[in-house]
Amino acid sequence: MNPAGDAPALTLLDDVCWRGRPVPGDRAHTLLAALALEPARGVADGRLVDEVWGDEPPANPTKALQVLVSRTRTQT
Numbered sequence: 002m003n004p005a006g007d008a009p010a011l012t013l014l015d016d017v018c019w020r021g022r023p024v025p026g027d028r029a030h031t032l033l034a035a036l037a038l039e040p041a042r043g044v045a046d047g048r049l050v051d052e053v054w055g056d057e058p059p060a061n062p063t064k065a066l067q068v069l070v071s072r073t074r075t076q077t
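Under our numbering, the first residue of the sequence shown carries the number 2, and numbering increases by one thereafter.
Okay, here's the thing in structure tokens:
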């Protein structure tokens, strides 16, 4: 619960859920977890790419990150 008494919008234990609905995809899970850990400061694109793709970044990391964020938004 948050201070207002509402259920949290994002849960990361067990399954990753947004507003009670499961979020599909491991990359989306990693993206949301990385963003949730730094809510006040945000996360640099390069760090998100490192978190999501690790040692195998895509050929165009900026575009891949934009696509992942867009897909994650439409799925939540």
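Ideal Cβ positions, reconstructed from N, Cα and C, are used throughout, including at glycine.
Asked: Continuous alpha helix (DSSP H) stretch holding P62: start and end; Found: 62-76
Asked: CB contact flag (V50, L32, <8 Å); Found: no
Asked: Pairwise C-alpha distance: T73 and H30; Found: 9 Å
Asked: Residue range of the unbroken alpha helix (DSSP H) whose run includes R48; Found: 46-54
Asked: Three-state secondary structure (DSSP) of V17; Found: coil
Asked: Buried or exposed (CB count within 10 angstroms, at least 16 for buried), L14; Found: exposed
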